[in-house]
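Mapped onto this note's numbering, the consecutive letters of the sequence shown carry residue numbers 32 to 197. In this text, a Cβ means the ideal position worked out from N, Cα and C, and glycines have one as well. Heads up, the thing below is written out as structure tokens.
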Amino acid sequence: MPELKVGDKFPEDVSFSYVPYIPENEDITACGRPITFNASKEWADKKVVLFAVPGAFTPTCSESHLPGYISKKDELKSKGVDVVAVIAYNDAFVMNAWSKANGVKNDEILFLEDKSAEFSKSIGWTMGERTARYAIVIDKGTVTYAQKEEAGKLEVSSAEAVLAKL
């Protein structure tokens with residue numbers, strides 16, 4: 032599949048792995064069990080902001096990219112966004128720990144594993160073997176925004192940039 036662009040349908044059969052939030056596993060050392068999340072099915076009738084980072088617990092991702100979405104999640108919801116999700120090359124356990132380390136509860140933001148960067152590779156948006164930094168807005172199955180960052184940048188995939196396009 033080529034790069035996603037505005038007007039494209041979100042691909043069928045896109046699945047990620049993640050550890051759902053449950054209060055009993057709230058502690059960062061608690062180990063939940065990953066499940067398969069069928070994004071194509073779950074997001075078919077929703078407005079979704081999906082952003083990707085090269086890695087959890089890395090400088091730009093942890094200091095700027097994710098915090099922007101955490102601080103702007105209510106504004107995103109006020110613009111009709113049903114789901115905010117972040118994907119990375121990291122496994123579901125690391126993504127779960129990253130959500131806990133950042134105080135994200137109740138699946139306010141979904142922290143999803145892009146296993147072996149399969150989805151990112153399918154759209155041609157990788158950084159070596161890792162996911163590239165990008166943002167996609169999907170509205171009822173149709174891509175309404177899709178931008179990949181230039182190396183070393185955080186501009187077009189930031190929460191502020193996405194909000195400006197909603």
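Using only alpha-carbon positions, find the residue among the options that is nearest to residue i.
{"i": "K136", "options": "K146, K152, A116", "result": "A116"}
{"i": "A177", "options": "Y120, L81, D122", "result": "L81"}
{"i": "K146", "options": "G134, A132, V125", "result": "V125"}
{"i": "K72", "options": "E43, R64, T89, C62", "result": "E43"}
{"i": "A192", "options": "E106, I154, W156", "result": "E106"}
{"i": "W74", "options": "L141, R64, A190", "result": "L141"}
Going by other Cβ atoms of all chains shown within 10 Å of its Cβ, with 16 needed for buried, is residue i buried or exposed?
{"i": "A144", "result": "In the sequence under discussion, the amino acid at residue 144 is Glu, which differs from the Ala named in the question. Its Cβ being crowded by 16 or more others within 10 Å, E144 is buried."}
{"i": "I118", "result": "buried"}
{"i": "A123", "result": "buried"}
{"i": "E180", "result": "buried"}
{"i": "A132", "result": "exposed"}
{"i": "S199", "result": "Outside the shown range of the chain, which is 32 to 197, sits residue 199, and nothing can be said about it."}
{"i": "S102", "result": "exposed"}
Considering only residues of the same chain and omitting the five flanking positions on each side of residue i, which have a CB-CB separation below 8 Å?
{"i": "L185", "result": "T91, S95, H96, R164"}
{"i": "S188", "result": "F82, A83, H96, R164, Y165, A166, Q178, K179, E180"}
Would a C-beta distance cut-off of 7 Å place residue i and residue j closer than the cut-off?
{"i": "F68", "j": "Y49", "result": "yes"}
{"i": "K104", "j": "E57", "result": "no"}
{"i": "G172", "j": "F41", "result": "yes"}
{"i": "R161", "j": "A182", "result": "no"}
{"i": "I59", "j": "A128", "result": "yes"}
{"i": "N121", "j": "A70", "result": "no"}
{"i": "K85", "j": "M158", "result": "Checking the sequence shown, residue 85 turns out to be Pro, not Lys. Yes, Cβ-Cβ distance for P85 and M158 is below 7 Å."}
{"i": "V79", "j": "I169", "result": "yes"}
Once you ignore the five residues that flank residue i on each side, which residues in its own chain have a CB closer than 6 Å to its CB?
{"i": "F150", "result": "V45"}
{"i": "K110", "result": "L197"}
{"i": "K77", "result": "D113, V114"}
By DSSP, does residue i sit in helix, in strand, or in coil?
{"i": "A87", "result": "coil"}
{"i": "A119", "result": "strand"}
{"i": "E144", "result": "strand"}
{"i": "V187", "result": "coil"}
{"i": "F150", "result": "helix"}
{"i": "D39", "result": "coil"}
{"i": "I101", "result": "helix"}
{"i": "K78", "result": "strand"}
{"i": "K110", "result": "coil"}
{"i": "A177", "result": "strand"}
{"i": "A61", "result": "coil"}
Quick one: residues in its chain with C-beta nearer than 7 Å to the C-beta of residue i, no 5 flanking neighbours on either side, listed in chain order?
{"i": "I167", "result": "L35, L81, V174, Y176, A177"}
{"i": "A195", "result": "none"}
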